[in-house]
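Enquirer: The numbering of the sequence shown is my numbering, which starts it at 6 and goes up by one.
Yeah, the Cβ is synthetic: ideal placement off N, Cα and C, and Gly gets one too.
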Amino acid sequence: MGAAGSKLEKALGDQFPEGERYFGLENFGNTCYCNSVLQALYFCVPFREQLLEYYASNKSTGDAEENLLTCLADLFTQISSQKKKTGVIAPKRFVQRLKKQNELFRSYMHQDAHEFLNFLLNELVDILEKEAKAVKSDTETSSPPENTANGSKSALPNGVLKEPLVTWVHKNFQGILTNETRCLQCETVTARDETFFDLSLDIEQNSSITSCLKNFSSTETLNAEDKFFCDKCCRQVILLASSGICSSMDVYFIEWLTMLVLVSATWSRTVSVPLTH
Ligand SMILES: [Zn+2]
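1) Could you tell me the alpha carbon to alpha carbon distance between R240 and F234, rounded to whole angstroms?
2) Does at least one heavy atom of ligand 1 sit under 7 Å from the Cβ of V194?
3) Just the C-alpha distance for R53 and H119, rounded to the nearest angstrom, thanks.
4) On the DSSP bridge list, what partners appear for D198?
5) CA-CA distance, A5 and E31?
6) Evaluate K64 with the Cβ neighbour count: other Cβ atoms within 10 Å of its Cβ, from every protein chain shown; 16 or more gives buried, anything less gives exposed.
7) If the criterion is Cβ atoms closer than 8 Å, does the pair N42 and L122 meet it?
8) With DSSP as the reference, identify every bridge partner of E225, one or two as the case may be.
9) Thinking C-alpha only, which one of R98, E185, F202 and S216 is nearest S247?
10) Taking the continuous beta strand (DSSP E) assigned at R93, which residues delimit it?
11) In the DSSP assignment, find the unbroken beta strand (DSSP E) run with L30 in it and report its ends.
12) Drop a sphere of 10 angstroms on the beta-carbon of H115, count the other beta-carbons inside from all chains shown, and report buried for 16 or more, exposed for fewer.
13) Go to L204, then tell me how far its beta strand (DSSP E) extends in each direction, as first and last residue.
14) Taking only three categories from DSSP, how would you classify R240?
15) To the nearest angstrom, how far is it from the Cα of K15 to the Cα of E71?
16) I need the straight-line Cα distance from Y113 to K105, nearest angstrom please.
17) Near Q83, which residues of its chain fall below 7 Å by C-beta distance, leaving aside the five closest residues on each side in sequence?
18) Note down, in chain order, each residue of its chain lying with its Cβ closer than 7 Å to the Cβ of Y47, except the 5 sequence neighbours on either side.
Here is the structure:
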């Protein structure tokens with residue numbers, strides 16, 4: 006493995022990004038679905054940096070109970086703190102924790118990378134939300150409320166959350182899908198926003214992720230037969246429905262999506278990818 010690492014270093018030469026580590030993840034028997042997602046997440050730099058920060062601040066308080074978030078943070082810290090630039094790491098603790106937590110991932114059968122990613126992101130959000138709530142109840146009992154952890158600033162003086170907690174996981178991966186309907190009679194437009202962590206995209210041959218995202222937006226005519234009622238016209242009408250992604254994606258994110266599509270391509274042609282906004 007060391008020789009392979011050297012080869013990679015030689016091949017990249019001066020192009021090897023400063024401070025970057027390229028480490029392979031050991032497969033524990035059909036855990037490639039997990040390893041590919043972990044690799045893609047590691048190279049989503051904003052997410053990685055926030056996770057490493059989380060690890061550093063949690064380590065100093067010393068009260069971290071083991072969960073998927075701490076195991077992931079530990080794994081990323083192990084990779085980023087390696088002296089060598091390339092090599093292999095065994096994500097044993099993370100995989101053990103994953104299997105303990107969800108029986109779906111316990112067998113040695115091939116699992117779905119998308120399903121794993123969805124489970125992991127939701128799990129990370131749950132953990133961060135629980136931690137924020139714990140911080141909130143602590144501050145309520147001891148001192149005047151302050152901002153809760155993970156960037157939340159929604160706690161009001163009476164302790165009521167003004168808006169849903171937005172964690173750094175949301176900030177990296179949550180997208181907004183806007184669904185609009187237009188009444189063809191009175192032209193009234195009704196818009197509804199939905200948040201999402203993943204989106205099913207049709208991946209066309211020889212096309213880029215950006216172009217697939219552009220193709221995602223759709224417009225369709227909904228018939229009155231489907232019983233659509235316009236409040237303004239006070240009767241059933243024909244509606245024009247359209248949906249689009251409300252996101253401003255940065256370069257890192259597009260790179261990350263591309264990588265995820267590449268690693269998922271062996272499972273299926275159509276892959277689901279999370280988006281940011
Ligand atoms: Zn109308």
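Expert: In short:
1) Approximately 6 Å between the Cα atoms of the pair.
2) no
3) H119 has its alpha-carbon roughly 19 Å from the corresponding atom of R53.
4) T183
5) Outside the displayed range of the chain (6 to 282) lies residue 5, so it cannot be described from this structure.
6) Under the 10 Å beta carbon count, K64 is surrounded by fewer than 16 other beta carbons and is classified as exposed.
7) Correcting the residue type first, residue 42 is Val in the shown sequence and not Asn. Their beta carbons are under 8 Å apart, which means V42 touches L122 by this criterion.
8) A246
9) E185
10) Reading the sequence as shown, one finds Val at residue 93 and not Arg. Note, V93: beta strand (DSSP E), T91 to I94.
11) Y27 to L30
12) exposed
13) L204 to L206
14) strand
15) 38 Å
16) 14 Å
17) I94
18) R53, F81 and I84
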